[in-house]
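First comes the structure, then the notes that go with it.
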Ligand code: NAP
C-alpha cells in the first residue's frame, strides 16, 4: 500500500515514523521542505503536492488551520488517482469537512475527517485517540494504518463527526486547563510549595492529564510548545462558531487565549495560559 503524508510538524513527524516502522511505503511532503527531509530515514521525500499525491492508495494530512486543509485538499484532488482515500487529521471545521467530503465524491475520491487527541506525547508513543467521520467502508480500509499510532480508534458516523467530536474534546480541555492554571496561580500567590501541592492534586480528585503534564510544565516555567496556543485558539473559535448554544467556559478561555496571542505568546505551548495571570493580562 502506497501512502502520501502531508504536514510533518509536531504531530505529523512521529505519525510518519509509526507508519514506516509498521512497514508501509510512505512519501512525505511539508511546506517547509527541511522538516520533511528530517524524515528521510523513514520515508521518501516529495518536493510538491503533485508528487506526494500521485499514485497513492491513501493520503494523510495534518496541517495547521482550516484554510490550509482547504488549500492542500484542492491540490490533492487534482493529482490523486480515482478511489484514493484522503484522511484529514488536522483539527478543522466540521462544515469544511462536509464540503470536502462532497467534493471528493464528485471526483471519485473518498475523504475522511480523522482528528486526533493525546498530544505530542501520544503521537510519539503511538497512543493517540482518533475519531473518524465519513464513509464507514473507507474507514475500515484505513483502520490498520490509523492503528499504527492510535490506541483508541472509533468511527463516529457521517462526514464532519470526527471534527465535531474533536471540538467537544477541546471544550473539555479548555475547562480542565483553565482549572489547572487558576489553581496553581492561587497556590503560588499564597506561597504554597507548588511541587508538594502538585503531588497532593495528582494523588486525589484534582488529578487529570492536564494537571499531570501541563501542571508540571507550569511549575517548571517550561513554555515550549507541545500544543501551540495559536492552534488552541483556532479550536475554541471553531467550537464556538459551530455550536448552536452559547458556551460560557469555552468563550472565557477563548478570550484569554486571544489576549495571549495579542501579546506575542502564540507559539508557546498551551500551559502558557498561566501567563494570562503572571503577565497581568487580566481584562
Ligand atoms: P505544526 O507543528 O505547526 O505542524 C503543521 C505542519 O503542517 C507544519 O510542518 C506546516 O509546515 C505544515 N503545513 C501547514 N500548512 C501547510 C500547507 N498549506 N501545505 C503544506 N504543509 C503545511 O502543528 P502540530 O502541532 O503538528 O498540529 C497540526 C494540527 O494538528 C493542528 O490543526 C493542531 O491543532 C492539531 N493537533 C495538534 C496537537 C498537538 O498536541 N500538537 C494534538 C492534536 C491535534 P511549516 O513548517 O511550513 O509551517
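In my numbering, the protein residues as written are 869 to 1151. Note that the Cβ used here is the ideal one computed from N, Cα and C, for glycine as well.
Burial state of residue i, where buried means 16 or more other Cβ atoms lie within 10 Å
| i | result |
| --- | --- |
| residue 1037 | buried |
| residue 1035 | buried |
| residue 885 | buried |
| residue 1114 | exposed |
| residue 956 | buried |
| residue 1063 | exposed |
| residue 1008 | exposed |
| residue 898 | buried |
| residue 1059 | exposed |
Chain-order list of residues whose beta-carbon lies under 6 Å from that of residue i (same chain, five-residue window excluded)
| i | result |
| --- | --- |
| residue 976 | 950 |
| residue 1085 | 1139 |
| residue 996 | 984, 986, 990, 1017, 1018 |
| residue 908 | none |
Residue i versus the options, residue with shortest Cα-Cα distance
| i | options | result |
| --- | --- | --- |
| residue 918 | 1077, 909, 873, 970 | 873 |
| residue 937 | 948, 915, 960 | 960 |
| residue 984 | 1029, 973, 969, 963 | 1029 |
| residue 1136 | 1150, 1108, 1082, 1116 | 1082 |
| residue 1140 | 1108, 1106, 1111, 1078 | 1078 |
| residue 1046 | 1132, 1067, 1144 | 1144 |
| residue 1120 | 881, 1005, 1107 | 1107 |
| residue 1090 | 970, 912, 905, 1142 | 1142 |
| residue 1043 | 1021, 1015, 1074 | 1074 |
| residue 911 | 941, 1065, 882, 1049 | 882 |
DSSP beta-bridge partners of residue i
| i | result |
| --- | --- |
| residue 926 | 871, 953 |
| residue 912 | 895 |
| residue 1137 | 1096 |
| residue 981 | 956, 1001 |
| residue 1023 | 1000 |
| residue 1018 | 996 |
Other residues of its chain near residue i: CB distance less than 8 Å, five sequence neighbours each side excluded
| i | result |
| --- | --- |
| residue 871 | 887, 892, 893, 894, 895, 924, 925, 926, 927, 928, 1013 |
| residue 1097 | 1125, 1128, 1129, 1133, 1134, 1135, 1136, 1137, 1138, 1140, 1141 |
Own chain partners of residue i with C-beta closer than 7 Å, once the 5 adjacent residues on each side are dropped
| i | result |
| --- | --- |
| residue 1026 | 1001 |
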